[in-house]
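2 protein chains.
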Amino acid sequence: MAKEITSRSENYSQWYQDIVKKAGLADNSAVRGCMVIKPTGFAIWEKMKAQLDQMFKETGHVNAYFPLFIPKSFLSKEADHVEGFAKECAVVTHHRLMNNPDGKGVVVDPSARLEEELIVRPTSETIIWNTYKDWIQSYRDLPLLINQWANVVRWEMRTRPFLRTAEFLWQEGHTAHATKEEALEEARLIHEVYARFAEDYMAMPVIKGAKTESERFAGADETYTIEALMQDGKALQAGTSHFLGQNFARAFDVKYLNNENREEYVWATSWGVSTRLVGGLIMTHSDDDGLVLPPKLAPTQVVIVPIPKPDPEIMEHADKIAASLKEKGISVKVDRDAQKRPGFKFAQYEMEGVPVRLGIGKRDLEKGLVEIARRDTKDKTSVNINGCVDFIEKLLTEIQENLLAKAKKYRTEHTTSVDNFEDFKTVLEEKGGFIEAHWDGTADTEDKIKELTKATIRCIPNEAKEEPGKCILTGKPSARRVLFAKAY
Amino acid sequence: MAKEITSRSENYSQWYQDIVKKAGLADNSAVRGCMVIKPTGFAIWEKMKAQLDQMFKETGHVNAYFPLFIPKSFLSKEADHVEGFAKECAVVTHHRLMNNPDGKGVVVDPSARLEEELIVRPTSETIIWNTYKDWIQSYRDLPLLINQWANVVRWEMRTRPFLRTAEFLWQEGHTAHATKEEALEEARLIHEVYARFAEDYMAMPVIKGAKTESERFAGADETYTIEALMQDGKALQAGTSHFLGQNFARAFDVKYLNNENREEYVWATSWGVSTRLVGGLIMTHSDDDGLVLPPKLAPTQVVIVPIPKPDPEIMEHADKIAASLKEKGISVKVDRDAQKRPGFKFAQYEMEGVPVRLGIGKRDLEKGLVEIARRDTKDKTSVNINGCVDFIEKLLTEIQENLLAKAKKYRTEHTTSVDNFEDFKTVLEEKGGFIEAHWDGTADTEDKIKELTKATIRCIPNEAKEEPGKCILTGKPSARRVLFAKAY
């Protein structure tokens, strides 16, 4: 059966790679660090995208598209930004190839050197704010609430499918506002949208909070993040929303006339989630038998398997049930293969993470029954064929809720409060997970802890209550606990 | 009013640029040849994309995603392909920037030179067939019916928004088949899908046909095309579907074991349409007052304008009508602006191509009437407010049909049969449009005609009837007329 997967306890990282491969989600490509997203993996991303896009539109955003390339000089206009982004990226220097004069193949045409190099966008603040300069003159042009679905490239040294790849797909929102308050409100609104999406659709609980200054986006005055906990006790930063102040407006000279006819710099936000979410989804729910998907994001929600093989009577029932499921908006696949054994198919669909499997066999059918198996708990039930569609509809909701509850339980069990550095190190090494601890608020201490333990401050949680204490490293006073973890 | 637009008769090319700009569809960018697709322009592309995506899925295709970059050596593996594509493209040579040691800004880090240059994909046959090699072993792995929505880059010298840009958005289907017949059938199926989309959604009539050998895609054994006629009498190639034979399978060594356990090369197709379609849509229907959009692709189908200004009673009616329209799946905008005059707004919405405008004024309201104006003919009608939603629903269908009929009429009037080269030149210069003429079937003659007149053979129409004749240039025998035109 599905035993080609390494177990989580044996090697978590290999387990992840195995699932990505065996469930047909992604492949390596011939280009270093770039993956091929296979149809099943892409279908998950498409579902995420459709839902997020709807949520963005419901909150007043529109989509647009900006160029893939950024003139090199743009990157250095915002001082912090260039430090954070400009270094590891794909640089286009020429615009033509020519036949190799010395033999086979093609070579770069040296006469086609660009006057100014172009960078493949690692993120689009610079090219977008250079454009906004032309779009914004007065307060009447504001707010601009624009999102883009795009590919970006960051030349990462160590890559892993979905979690960290040189090219990845994402959305990047870039909004422009007349006031600081409005921009802050926007950044927080999107922060909420991300958290809602993670919990309600991905069934992935997240901690909402603000990044410390050292962990902020390069060019941001404030970064809000949602942090999820994976099954190996490591945190995954799943989505960030940045309040950019007037930094990019100053860098690209974007001013507007306010309603008193005075010129002011425009306030900005940017925010993004990426195909990394697919990695988070895999790691949050899957088990040693393969992928587990929350029904709301499963490309195929139900598979109907004839037992032992398709025959006309069984297939008639299967098609009828499939039609009724489709009418309810449930995506369903009817397995028509006549070669493979049911046991093999069951393992395959478990591997692929189909939330519900419906088996139809001759003997059950005589009693008016079908067998329904759920992927999350592996429980099986015999159900009357006439009520099976309603049963499945309810079951999908139940699976969605169960996955969230299970992930929350895991997180609760793997969130520990510690009060001194020894305990901090012990918990980090032996148990992992989120650690709530006091920190003196300085970047120095943060760096030191990272250096000593590899743990970082994931965020200052929104819901952290006022609680005076002492920094675990320096003993200096602290007003509230922050959230530490090792992270992806 | 909308009189900032150059008229078509004065300067067709400027008229097009004016519409793109004034209707807010696209902007130039800081990167040569790359455009910014603005929200309204992008919303049109999104509607096209959603519809095409549905049609692809209904015909059994799935989406996936392949890398942006192609190793340089891949391009020269298929001999014809490299001649057609490898030359004008964006070449990535380095993967890092560094602070300028001599001063401000950043420069390319010379130590970060790539071992092999990467090309930003101009099309993805090579990287995809390199991947298919791993995915295809036996006939059971076939067919592979995969599509990708992506950005591509071709370093064009002369660019125009949507029609020809260095970077553009498109879909590219890449399918793999066990037999020649199946691959040919696939290429023809997609050809039909493209034609149906053009006529049923874009209201843009197209001629379906095959390309001559010289006009085929680089690496194809057969290219099917849909050709539309623009209002300046020039043709626009709107979508192509290629039968690639075994060319890419041979180049990338992709073989499968057939059901007799014999190794064979795989058969291939590829097919694509791009944001160029937005350009075709604009040029097919628009007039001297601005954009005209077929309702099925209009981001906003109906706008409701209070006359002269929004007041509570009027807005209550407006909101009620808007809600009823939305229930029917009709997209509607309620204009709430209290500053601008109705006349100004009318001109603006005409410019933006909103298919139906509904005006609500106090005086009309007392009689239970509203005013409905259609963008295509500019006709206005007073309609009873209670029946206005049904009226609009029918009107949208009528506009969609009228635009197609009008475009067909234009094409019929601008399609001329000629029997000698003098007439050919005269018609081409004085009337333009499609010319049906005899051709001796040789590439030499085709080239000569192109050289002398700039007209190309757009296609050998599927529906060209057998009709013996003499080539207009050489007088040699010909079995049927082919379709000539000057083209974009």
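Order-wise, the sequence lines are chains V and X.
Yeah, the first sequence ends on 488 if you go by my numbering, and it's all consecutive.
Yeah, the second sequence ends on 1488 if you go by my numbering, and it's all consecutive.
Every residue gets a Cβ at the ideal spot worked out from N, C-alpha and C, and that includes glycine.
Secondary structure at glutamine 348 of chain V, three-state DSSP: helix, strand or coil?
Counting from one through the first sequence, the residue named residue 348 of chain V turns up at place 348. Residue state, collapsed to three classes: helix.
Just mark proline 1477 of chain X as buried or exposed, buried being the case when its beta carbon has 16 or more other beta carbons within 10 Å.
Residue 1477 of chain X sits at position 477 when you count from the first residue of the second sequence. When all chains shown are included, proline 1477 of chain X counts as exposed.
For arginine 1411 of chain X, is the classification buried or exposed, using 16 other Cβ atoms within 10 angstroms of its Cβ as the cut-off for buried?
As a working note, residue 1411 of chain X is residue 411 in the second sequence. The residue is buried, with at least 16 neighbouring Cβ atoms inside 10 Å.
Quick one: using the 10 Å Cβ neighbour count with 16 as the cut-off for buried, is glycine 1239 of chain X buried or exposed?
Indexing the second sequence from 1 puts residue 1239 of chain X at position 239. It counts as buried.
Using a C-beta cutoff of 8 angstroms, does tryptophan 1129 of chain X count as contacting chain V?
Along the second sequence, one-based indexing puts residue 1129 of chain X at 129. With 8 angstroms as the cut-off, tryptophan 1129 of chain X does not count as an interface residue toward chain V.
Are three or more beta carbon pairs between the stretch 283–293 of chain V and the stretch 147–154 of chain V nearer than 8 angstroms?
Counting Cβ pairs under 8 angstroms, fewer than three are found: no touch.
Taking tyrosine 201 of chain V as the reference, which of V:Gln51, V:Asp253, V:Ile19 has the closest Cα?
Walking along the first sequence from the start, residue 201 of chain V turns up at place 201. Considering only alpha carbons, the answer is V:Gln51.
Judging by CA-CA distance, which residue of X:Phe1421, X:Ala1443, X:Glu1422, X:Met1035 is the nearest neighbour of leucine 1163 of chain X?
The residue labelled residue 1163 of chain X in the question sits at position 163 within the second sequence. If we check each option's Cα against that of leucine 1163 of chain X, X:Met1035 comes out closest.
Between the stretch 76–91 of chain V and chain X, which residues of the former have a C-beta closer than 7 angstroms to a C-beta of the latter?
Cβ contacts with chain X: Ser76, Val82, Ala86, Lys87, Glu88, Cys89, Ala90, Val91.
Could you give the first and the last residue of the continuous alpha helix (DSSP H) run that contains serine 331 of chain V?
Translated into the one-based positions of the first sequence, residue 331 of chain V becomes position 331. Unbroken run through serine 331 of chain V: none, as it is neither H nor E.
At 7 angstroms on the CB atoms, spell out the chain X contacts of glycine 105 of chain V, in chain order.
Numbered from its first residue, the first sequence carries residue 105 of chain V at position 105. The contacting residues are Ser1073, Ser1076.
Hey, does histidine 1094 of chain X have any beta-carbon neighbour from chain V nearer than 8 angstroms?
Residue mapping note: residue 1094 of chain X aligns to position 94 of the second sequence, counting from 1. Yes, histidine 1094 of chain X counts as interfacial toward chain V.
What's the C-alpha gap between alanine 23 of chain V and glutamine 348 of chain V?
Here residue 23 of chain V refers to the residue found at position 23 when the first sequence is read from its first residue. Here residue 348 of chain V refers to the residue found at position 348 when the first sequence is read from its first residue. Roughly 8 angstroms between the two C-alpha positions.
Would a check of beta-carbon distances place aspartate 27 of chain V closer than 8 angstroms to chain X?
As a first step, residue 27 of chain V is located in the first sequence; it is residue number 27 there, counting from the start. Cβ-Cβ to chain X under 8 angstroms: yes for aspartate 27 of chain V.
My parser needs the alpha helix (DSSP H) runs of 4 or more residues fully inside the stretch 292–328 of chain V; what are they?
Taking only runs of at least 4 residues, the alpha helix (DSSP H) segments lying wholly in the stretch 292–328 of chain V are 312–327.
Between alanine 112 of chain V and histidine 94 of chain V, what straight-line distance do the alpha-carbon atoms span, to the nearest angstrom?
For this step, residue 112 of chain V is matched to residue 112 along the first sequence. For this step, residue 94 of chain V is matched to residue 94 along the first sequence. So the alpha carbons of these two residues sit roughly 5 angstroms apart.
Mapping DSSP to helix, strand and coil, what is serine 1382 of chain X?
What you label residue 1382 of chain X is simply residue 382 of the second sequence in a count that begins at 1. Serine 1382 of chain X: strand per DSSP, three-state reduction.
Quick one: what's got a C-beta closer than 7 angstroms to proline 67 of chain V's C-beta in the same chain, skipping five residues either side?
Translated into positions along the first sequence, residue 67 of chain V becomes position 67. Answer for proline 67 of chain V: Ile127, listed in chain order.
Taking a Cβ distance cut-off of 7 angstroms, strictly less, list which residues of the stretch 1260–1282 of chain X are near chain V, in chain order.
Result list empty, no residue passes.
Among the residues of its own chain, which have a CB less than 8 angstroms from the CB of glutamate 1116 of chain X, if the five just before and after it don't count?
Indexing the second sequence from 1 puts residue 1116 of chain X at position 116. These residues qualify, in order along the chain: Pro1071, Lys1072, Ser1073.
Give a yes or no on whether the minimum CB-CB distance between aspartate 1134 of chain X and chain V is below 8 angstroms.
As a first step, residue 1134 of chain X must be located in the second sequence, where it is residue number 134. At least one chain V Cβ lies under 8 angstroms of aspartate 1134 of chain X.
Evaluate alanine 1002 of chain X with the Cβ neighbour count: other Cβ atoms within 10 Å of its Cβ, from every protein chain shown; 16 or more gives buried, anything less gives exposed.
For the purposes of this step, residue 1002 of chain X is taken as the residue at position 2 of the second sequence. Residue confidence for alanine 1002 of chain X is low, a pLDDT of 46 falling below 50, so the modelled location carries little weight; the figure read from the coordinates is stated next. Alanine 1002 of chain X should be labelled buried.
Just to confirm the assignment: which complete alpha helix (DSSP H) runs, minimum length 4, are found wholly within the stretch 1051–1099 of chain X?
The stretch 1051–1099 of chain X contains these whole alpha helix (DSSP H) runs: 1072–1075, 1079–1085.
Assuming serine 380 of chain V and glutamate 371 of chain V are in contact, meaning their beta carbons sit under 8 angstroms apart, how far apart are those beta carbons, in whole angstroms?
As a working mapping, residue 380 of chain V is identified with position 380 in the first sequence. As a working mapping, residue 371 of chain V is identified with position 371 in the first sequence. Sequence inspection shows lysine at residue 380 of chain V; the serine mentioned does not correspond to that position. Yes, lysine 380 of chain V and glutamate 371 of chain V are in contact; Cβ-Cβ is about 6 angstroms, under 8 angstroms.
Whose CA, out of V:Ile472, V:Pro468, V:Ile44, lies closest to the CA of alanine 479 of chain V?
Counted from its first residue, the first sequence places residue 479 of chain V at position 479. Alanine 479 of chain V has its Cα closest to that of V:Pro468, out of V:Ile472, V:Pro468, V:Ile44.
Run through chain X and tell me which residues come within less than 8 angstroms of leucine 118 of chain V, C-beta to C-beta.
Along the first sequence, read from residue 1 onward, the residue named residue 118 of chain V stands at position 118. Per Cβ cutoff of 8 angstroms: Val1031, Ala1090.
Kindly indicate the opening and closing residues of the beta strand (DSSP E) around isoleucine 1226 of chain X.
As a position in the second sequence, residue 1226 of chain X is number 226, starting the count at 1. Note, isoleucine 1226 of chain X: beta strand (DSSP E), 1222–1229.
How long is the line joining the alpha carbons of arginine 1196 of chain X and glycine 1433 of chain X, rounded to whole angstroms?
One-based indexing of the second sequence puts residue 1196 of chain X at position 196. One-based indexing of the second sequence puts residue 1433 of chain X at position 433. Looking at the two C-alpha atoms, the distance is approximately 22 angstroms.
By Cβ distance, which residues of its chain are closer than 7 angstroms to phenylalanine 1421 of chain X, with the 5 residues on each side in sequence left out?
In the second sequence, the residue the question calls residue 1421 of chain X occupies position 421. Excluding sequence neighbours, phenylalanine 1421 of chain X sits near Ile1472, Leu1473.
Are there three or more Cβ pairs, one per stretch, closer than 8 angstroms when the stretch 1447–1459 of chain X is compared with the stretch 1213–1226 of chain X?
A contact exists between the stretch 1447–1459 of chain X and the stretch 1213–1226 of chain X.
Rank X:Trp1271, X:Lys1180, X:Met1157 by C-alpha distance to the C-alpha of histidine 992 of chain X and give the top, closest one.
Here chain X comprises residues numbered 1001 to 1488, so residue 992 of chain X is not present and cannot be evaluated.
Between the stretch 1247–1263 of chain X and the stretch 1119–1134 of chain X, do three or more beta carbon pairs fall short of 8 angstroms?
Yes: the two stretches touch, three or more of their Cβ pairs being nearer than 8 angstroms.
Between phenylalanine 56 of chain V and the rest of its own chain, which residues show a CB-CB distance below 6 angstroms, the 5 nearest in sequence each way excluded?
For the purposes of this step, residue 56 of chain V is taken as residue 56 along the first sequence, with counting starting at 1. Around phenylalanine 56 of chain V: Asn147.
Whole-angstrom Cβ separation of alanine 176 of chain V and valine 62 of chain V, contact assumed at under 8 angstroms?
In the first sequence, the residue the question calls residue 176 of chain V occupies position 176. In the first sequence, the residue the question calls residue 62 of chain V occupies position 62. In fact, because the Cβ distance is near 13 angstroms, the residues do not count as touching under 8 angstroms.
Residues of the stretch 1230–1250 of chain X with a CB closer than 8 angstroms to any CB of chain V: list them in chain order, please.
So nothing in the stretch comes that close.
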